[in-house]
Structure formats: C-alpha cells, structure tokens
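Each step along the sequence shown adds one to the number in the UniProt record's numbering, with nothing skipped, and position 58 is 58.
Yeah, the Cβ is synthetic: ideal placement off N, Cα and C, and Gly gets one too.
All values derive from a computational prediction rather than experimental measurement.
Okay, structure first, notes after.
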Amino acid sequence: MEILLKYSTALKTQLQKAVPQGGPHQLYDPINYILALGGKRIRPALTLMVCDFFETDFNKAMNAALAVELFHNFSLIHDDIMDNAPLRRGKRTVHEKWDVNTAILSGDAMLILAYRFFENYEPKMFRELAKLFSETALQVCEGQQHDMDFETRDDVSLVEYIKMIDHKTAVLLGAAMKMGAIVAEASQSDQDKIYQFGRNLGIAFQLQDDYLDVFGNPETFGKQVGGDIISNKKTFLYLMAVGEGTSTQADELEHLFSINPKDPTDKI
Ligand code: GRG
C-alpha cells in the first residue's frame, strides 16, 4: 500500500475538481459525498503507477485514473441500491442518506462524467481508452448479473464463482492498469501482460472482500458484515468455511487458495 500512496495523494486533489460546480445540488452533492468518503483509491493509483513504471510522467494518466475512480464509485452507488446496503466506507450509503431515485441519477451522472475524462486525450488514445472502458463496463454488468443470479441458487461452483468475480471486479483492475500502459504508449505485448496481471490481482482482491464479508471485523470493514450471506450470495463460501460444503468444493478451495476452508480464522 505504501508504494501507492504518492499516487493516491496526487489523485485526491484532482478528484475534488472532477465534479461540476454549481447545481443542481441534488444531483452533484451525492457525488461529492461518496468521493469525500475516500476509499483506498487502489484502481486509479494502479493506473498512475503503471504509467510511471514505463517512465512516463504519471500526470499524463491522471484523466484516465479519474475516469476509473468515478466509474468505480458509480458502481458502488448502484451496487448498494441493489443490495439495499446501509453502510459504505463506514458511513450511510447514498440511497440511505438521500433516496433511491437520487442515488440512481447521481450514479448515472458519474458514469457519464467518467467517460468524459477520456476526451482529454488525442483521438487515437481516446479511441483505445474509450473502447477498453466500454468493454470493461459491459463485463462488469455481466458479472453483476451473474452475482444476482447466484442469489437464487445453492449449487454455485467454484469455477462459476471465479468467473463472476473476474467480470464483476477483476476486469476493472485489469483495465485500470492497462490504461496506464496505453497512456505510456507501452508495446501491445506489455499492455496485455499488465492487463492479465491486473485481472489476477482483481480476483485475489474480490476473494478477500468476500471473505471479509463473512469474517471481517465490523468496525474496520466499513460495510455490513454478513450482507452477502443475508442475500444468499457466496453462501457456499460460508458453508465451506464452517464445514458444510461438499468435500470436493472444500478440497478445490484449499488447493486453489492454500487456505483451510474449515478454519474461519485462516486468511486468504
Ligand atoms: C457497469 C453500467 C454498469 C453498471 C454497474 C452495480 C454494478 C453494475 C456492478 C457492481 C460492481 C461492484 C460494486 C463490484 C464490487 C467491487 C469491490 C470489491 C468493491 C470494493 O472496492 P474497494 O475495496 O472499495 O476498492 P473502496 O471503498 O476502497 O474504494
């Protein structure tokens, strides 16, 4: 995390300027609210870090990084509505503080604002970034749909689960990193490798998030612990952890992630 600090600090100042000044306040206040709640800003920091890694001034990737963080925050607002979640980053969710209609519309505005940040790049780079962004956004929707479908199933396999988290979460980390490489004009081969790395990182990231949803400390998690279990998501993860999953699933989990699924204190 330390290594990402210089990027997230640079980003914070820029993010405050990302939202249009003036009204309508009912539209923009919720955006300022969720952005002010902070968050780890991992995705945009990765965008800047990859650009830096290719020895290009990381400020050149700032617009792409802002787009990524706005998109991420938009998806959190809509996700919280869908999950009827009371808390985000330890504070009231946007739809709880305002109402559902306001949260939907502010989220929509954020998605558009995110896209507009790519307009600051020259046409070829704009096309590459915008294409990656729209492909990623569609995959996120697909992942979210799978996640919703899983709520009514109790036979979700590990493979299906990994595919779902890959789309819902990991593709955005992959895209965030690849955008840094695109701005730095890295070779296609390097862009592809960076993208794959980001996706794998994203899978690990979501696994941890889901694990914490079951076993996290409510004081530090920032969200309602057990929310996924309540909505019947990832119930199999919980069942395996308490020893009621099928032994094949438990073996797969142990093999893939080197954790003991029967031991809830074992960290992924
Ligand atoms: C893409 C058009 C379109 C719609 C979005 C709502 C939705 C469809 C998708 C949900 C995607 C989602 C919210 C996935 C969860 C990802 C995740 C692990 C969030 C938590 O990320 P952190 O820990 O959060 O980085 P902070 O608060 O640190 O920013």
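Which of helix, strand or coil does DSSP assign to Leu37?
-> coil
Cβ neighbours of Gly90 in the same chain (closer than 7 angstroms, five flanking residues each side left out) | Gly222
Limits of the alpha helix (DSSP H) - the one that Arg199 falls within | Going by DSSP, Arg199 is part of the alpha helix (DSSP H) stretching over Gln188 to Phe215.
For my contact list, Ile81 and Val100 are in at a C-beta cut-off of 8 angstroms; report their separation, rounded to the angstrom.
-> 6 angstroms
Three or more C-beta pairs closer than 8 angstroms, one from the region 59 to 69 and one from the region 178 to 191: is that the case here?
-> yes
When the distance is taken between beta carbons, is Lys168 closer than 8 angstroms to residue 281?
-> Residue 281 cannot be examined here, being either before or after the span of the chain that is shown, 1 to 268.
Counting only runs that start and end within the region 56 to 81, where is the beta strand (DSSP E) found for 3 or more residues in a row?
-> none
Compute the minimum distance between the beta carbon of Arg89 and the heavy atoms of ligand 1, and state whether it is under 7 angstroms.
-> yes
Hey, quick one: how far does the alpha helix (DSSP H) through Pro123 stretch, first residue to last?
-> First-last of the alpha helix (DSSP H) with Pro123: Pro123 to Phe150.
From Met110 to Asn73, what distance separates their C-alpha atoms?
-> 8 angstroms
Use the C-beta contact count for Ser187: other C-beta atoms within 10 angstroms, 16 or more gives buried, fewer gives exposed.
-> exposed
Distance, Cα to Cα, Asn59 vs Tyr195?
-> 20 angstroms
Same chain, Cβ closer than 7 angstroms to Asp102, five either side skipped, listed in chain order = This sequence places Thr at residue 102; Asp is not what is there. Hits under 7 angstroms: Gln26 and Pro30.
Report yes if the C-beta distance between Ser8 and Arg41 is below 8 angstroms; otherwise report no.
-> yes
Quick one: using the 10 Å Cβ neighbour count with 16 as the cut-off for buried, is Ser189 buried or exposed?
-> Taking every protein chain shown into account, the CB of Ser189 has fewer than 16 other CB atoms within 10 angstroms, so this residue is exposed.
Taking the CB atoms as reference points, tell me whether Leu173 and Gly216 lie closer together than 8 angstroms.
-> no
Have a look at Thr136 and Ala176 and give me their C-alpha separation to the nearest angstrom.
-> 10 angstroms
Would Glu69 pass as a contact of Leu11 if the rule is Cβ separation under 8 angstroms?
-> yes
Report yes if the CB atom of Ala36 is closer than 8 angstroms to the CB atom of Leu4, and no otherwise.
-> no
Answer with yes or no whether the minimum CB distance from Asp52 to chain D is below 8 angstroms.
-> Checking the listed chains, one finds no chain D in this structure; it contains a single protein chain.
In the DSSP assignment, find the alpha helix (DSSP H) that holds Asp108 and state where it starts and stops.
-> Boundaries of the alpha helix (DSSP H) harbouring Asp108: Val100 to Arg116, taken from the DSSP string.
Applying the criterion that 16 or more other CB atoms from any shown protein chain within 10 Å of the CB defines a buried residue, is Thr152 buried or exposed?
-> Of the other Cβ atoms in all chains shown, fewer than 16 fall within 10 Å of the Cβ of Thr152; this residue is therefore exposed.
At what residues does the alpha helix (DSSP H) containing Gln21 begin and finish?
-> The continuous stretches of alpha helix (DSSP H) do not include Gln21, and DSSP gives it neither H nor E.
Smallest Cα separation from residue 276: which of Val171, Ile165, Gln191 and Asp83?
-> Missing from the structure shown is residue 276; the chain here goes from 1 to 268 and no further.
Please report the Cβ distance between Phe118 and Leu129, rounded to the nearest whole angstrom; I am assuming they are in contact, meaning their Cβ atoms lie under 8 angstroms.
-> Leu129 and Phe118 do touch by the CB rule: their CB atoms are close to 5 angstroms apart, below 8 angstroms.
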